[in-house]
Every structure is written in structure tokens, then in C-alpha cells.
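Protein chains in written order, with the working numbering: chain A, 6 to 119; chain B, 41 to 150.
Ideal Cβ placement from N, Cα and C applies to all residues, glycine included.
Structure record follows, encoded as C-alpha cells.
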């Protein structure tokens, strides 16, 4: 158990819909990262937050947005969903914002868009 | 944009054989981490390398960071069935962004 909690574990929805994925980082971790893993693919970096502020952005689509709240949990919002958005979405957390330590991954949220 | 490639993409070995995966970045990295993802699981941190030319060992696993800090390797000696999974390198680009490699999926045949 990494200490990072992601909900929901599984989500099935239709094209055009909007979903929200939630992540609670490990206690004390200020940084949250979101990654997308399509079937049998690598991990695509989406976005990072540190203590409520956006720190780095990767290949995140304009239809996707994220935020980190004062209690440090984070949400990833995916809208106007397309079939290609079906993937495993991982949240990870780390202690600091300067990335000198390991990332602790949650178990992921598997999104299926039909 | 920055890319981190790994080879091979897949590797099947007999139990007891050695295994190596290579990680190559298009740009110089501040540091590099390695993760293992078991089938159906999430990535789990293995190690971090920071210095140019650094070599670290964990039991049967040996990790190297290239002199130019643009490549890295993971070598497993005498693989076991418990080594099955996908191994990812993750390079730190700039200060904040970890870019994961494409991964090497290892299958170990008993």
C-alpha cells in the first residue's frame, strides 16, 4: 500500500460525457502528479501540482483539467470524452516540489469510454 | 519534446538467464529513476541515480547512469519468475517533470 488513494477504481461512461477522478496523496506529500497509461503503453505525464499550484504540464489535452485543493487532494477532470481517452489514470505523490525523491503511485483509475 | 526511449520493448527469458534494459534520453537528465510495474499493478519505485557514471546494486539488480547523463541501464542477474513485469526508467527533465520511458516488458519462463 503506497498511501496514495485514487477513486473511483473503475469507471465506464459514454463518449461526450465528463468525469472526475480523485486522488488523495500520502500524508505529508505536497506534490501530486497525474499520468495516463493507455493499454500496454507507457506512462504519459499530464500535469503536476505542488501545494495547490501548477508546477509542470505535459501532454494534457485542453479537454482535461486538474486542480489541487487546500487539503492537498487533487482532481483530474476529463470532458467531452472520446474513445481514445480510455486508459488507466495514475496519480502519484512525492514529498517535495523539487523532485529529488521517489514517486508513490496510487492503484489507478481505469476509465472506459464506450 | 523530450523523449525517453527504452529497448527492448519486450523480452522473454528462461528463468536463470540474465536480462538488461536500456534507457536513452534525447536530452541530459538531472537524475533518473527506475520503476517496476507488475501485471495489473501500479509502478513501484526501485532506485534513483543522480551522479554521472553512478552504479548502484540491489541484490540481483544493477543500475547504471551514463557518463553524459543521457542513458541508463538496468541489469538483472539470474532472473526469477518474481521479476516478471514492466520496467520503466523515468528521467527528470528540468526541475519538475519526470518523463517516463516507453518501458520494457519482461516475461520469465520457468
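| query | result |
| --- | --- |
| Is residue 89 of chain A helix, strand or coil by DSSP? | helix |
| Which residue marks the beginning of the beta strand (DSSP E) containing residue 125 of chain B, and which one marks its end? | 125-133 |
| Going by the CB atoms, is the gap between residue 143 of chain B and residue 73 of chain B shorter than 9 Å? | no |
| Would a check of beta-carbon distances place residue 127 of chain B closer than 9 Å to chain A? | no |
| Please classify residue 117 of chain B: does DSSP put it in a helix, a strand, or coil? | coil |
| Counting only beta-carbon atoms, is residue 88 of chain B nearer than 9 Å to chain A? | yes |
| Please check if any C-beta of chain A sits within less than 9 Å of the C-beta of residue 139 of chain B. | yes |
| Touch check for the segment 108-125 of chain B and the segment 63-73 of chain B: three-plus C-beta pairs under 8 Å? | yes |
| Mind checking if residue 19 of chain A is an interface residue toward chain B, Cβ cutoff 9 Å exclusive? | no |
| Who are the neighbours of residue 33 of chain A on chain B, taking C-beta pairs under 9 Å? | The contacting residues do not exist; residue 33 of chain A stays about 17 Å from chain B at best. |
| Compute the distance between the beta-carbons of residue 55 of chain B and residue 98 of chain B, then report whether it is under 9 Å. | no |
| Would you say residue 40 of chain A faces chain B, with C-beta separation under 9 Å as the test? | yes |
| Which whole-angstrom value is the C-beta distance of residue 53 of chain A and residue 36 of chain A, which I expect to be below 8 Å? | 6 Å |
| Among A:88, A:107, A:32, A:116, which one has its Cα closest to the Cα of residue 81 of chain A? | A:116 |
| Using a Cβ-Cβ cut-off of less than 7 Å, list which residues of the segment 41-73 of chain A approach chain B; keep chain order. | 47, 48, 50, 53, 60, 61, 63 |
| Is any beta-carbon of chain A found at less than 9 Å from that of residue 82 of chain B? | yes |
| Report the neighbours of residue 142 of chain B on chain A: residues whose CB is nearer than 9 Å to its CB, in chain order. | 46, 47 |
| First and last residue of the beta strand (DSSP E) that includes residue 72 of chain B? | 72-77 |
| Please state whether DSSP places residue 60 of chain B in a helix, a strand or coil. | strand |
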